[in-house]
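Asks: In this text, residue positions in the sequence shown follow my numbering: the first is 120, and each later residue adds one. Ideal Cβ placement from N, Cα and C applies to all residues, glycine included.
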Amino acid sequence: MLKQRIITAVVLLLVLGAAMLAPSSWPLLLILLLASSLASWEWLRLTLPASQRALAPYLAVVLAALLLWLSYASFSATPSSESQAILQLIYVYISPLVILFWLLYVPHLIRQAQVQQIQQSVVLSAMGILAPLVTWAALVQMWLSRGLLYVLSVLVLIWVADITAYFVGRAFGKAKLAPRVSPGKTWAGALGGVLGACLWVALSTIWPNTLGTVLYQQWSAVGMVLIAAVLAALSIMGDLFESLLKRRAGVKDSSQLLPGHGGVYDRIDALLPVAPLAMLLGGQVGL
120 MLKQRIITAV VLLLVLGAAM LAPSSWPLLL ILLLASSLAS WEWLRLTLPA
170 SQRALAPYLA VVLAALLLWL SYASFSATPS SESQAILQLI YVYISPLVIL
220 FWLLYVPHLI RQAQVQQIQQ SVVLSAMGIL APLVTWAALV QMWLSRGLLY
270 VLSVLVLIWV ADITAYFVGR AFGKAKLAPR VSPGKTWAGA LGGVLGACLW
320 VALSTIWPNT LGTVLYQQWS AVGMVLIAAV LAALSIMGDL FESLLKRRAG
370 VKDSSQLLPG HGGVYDRIDA LLPVAPLAML LGGQVGL
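Shown next as structure tokens:
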């Protein structure tokens, strides 16, 4: 299992790296499109009622078609006014709604910790479409306005928070963070993840156009650290939220698309809440 996880992770990193370094923007746009639509499909499988679960792949295909059209119509040599209007709607109106969902509603759900199979929520299923949509838009906007180094620094924040939380939790963790949702996570691990993310963001200020550099310029050193802590906490929240959905649905993984890793949603659960806020606080709302 470990060997399979490592091989899959290496392949994914190589594909992502090649797309980021490609002379054309299309490889990265297509990867982001594919990841968002597959994560939406997996999310909907966890939240739609059993009688409506067959709709999940069709809704994911509709999302993929929308993202493909937006990619073609917005980032070609002559962007269409319709696609620009839709993107503006996403950035100005839908993104704040999704951010509030992550900041206010998700912590409430995790605190309640209702892990038994209950009647599925329309809100959670709707967010299975809107959250991946906004994440796609946020990553594209950060990439266009700040560059690949900025996007990469956001991804590294999530990876650092996850890795440090794991090792600190194993070494010092005793008090459970959310035992009914994810028994393996501890308060010590969460604190270690937040501190690790803050250190990474501070270190990243030595390079231009990174998350740390932009936050330092716009929010000062104290603001930079506080925002890094919030983003790291959100990454943990995203992981806990997916664990909650899976426990409610009675499954271990969101799917089996990625050998050794489960589904795409399992891999980007922390990115979904982090990307929109990183875009907003980095001053990149709008076109």
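Could you pull the DSSP bridge partners for Leu-377 from this structure?
Replies: For Leu-377, which the question treats as bridged, DSSP gives the partners Gly-381.
Asks: Roughly how far, in whole angstroms, is the beta-carbon of Met-356 from the beta-carbon of Trp-221, given that I think they are within contact range, below 8 Å?
Replies: Rounded, the Cβ-Cβ distance is 7 Å, consistent with contact.
Asks: Between Gly-405 and the rest of its own chain, which residues show a CB-CB distance below 6 Å, the 5 nearest in sequence each way excluded?
Replies: Note that Gly-405 scores a pLDDT of 47, beneath 50, so its modelled location is shaky and nothing firm can be said.
Asks: Considering only the alpha carbon of each residue, which of Trp-255, Leu-182, Leu-322, Leu-364 lies closest to Ser-275?
Replies: For the record, residue 275 in the displayed sequence is Val; it is not Ser. Among Trp-255, Leu-182, Leu-322, Leu-364, the Cα nearest to that of Val-275 belongs to Leu-322.
Asks: For Leu-377, which residues of its own chain have a beta-carbon under 8 Å away from its beta-carbon, when the five flanking residues on both sides are left out?
Replies: Around Leu-377: Thr-127, Leu-131, Val-383, Asp-385, Arg-386.
Asks: Let me know the secondary structure DSSP gives Thr-166 once reduced to three states.
Replies: Three-state DSSP puts Thr-166 in a helix.
Asks: DSSP three-state label for Pro-302, please.
Replies: Strand at Pro-302.
Asks: With 16 other CB atoms within 10 Å as the buried threshold, where does Lys-365 fall?
Replies: Buried: at least 16 other Cβ atoms inside 10 Å.
Asks: Is the Cβ-Cβ distance between Ala-284 and Gly-308 less than 8 Å?
Replies: For Ala-284 and Gly-308, yes; Cβs fall inside 8 Å.
Asks: What whole-angstrom Cβ distance do Leu-390 and Thr-254 have, given they're in contact under 8 Å?
Replies: With a Cβ gap of about 6 Å, Leu-390 and Thr-254 count as contacting.
Asks: Quick check on DSSP: helix, strand or coil for Ala-368?
Replies: Here Ala-368 sits in helix by DSSP.
Asks: Looking at the strands, I want to know which residues DSSP matches up with Ala-297.
Replies: Answer by DSSP bridge pairing, in chain order: Ser-301.
Asks: Just verifying my parser: in three-state terms, what is the DSSP assignment at Gly-357?
Replies: Three-state result, Gly-357: helix.
Asks: Going by DSSP in three states, Thr-283 sits in which element: helix, strand or coil?
Replies: DSSP places Thr-283 in helix when its eight states are reduced to three.
Asks: Helix or strand or just coil, what does DSSP make of Ala-389?
Replies: In this structure, Ala-389 counts as coil in the three-state DSSP scheme.
Asks: Using three-state DSSP, classify Trp-326 as helix, strand or coil.
Replies: Reduced to three states, the DSSP call for Trp-326 is coil.
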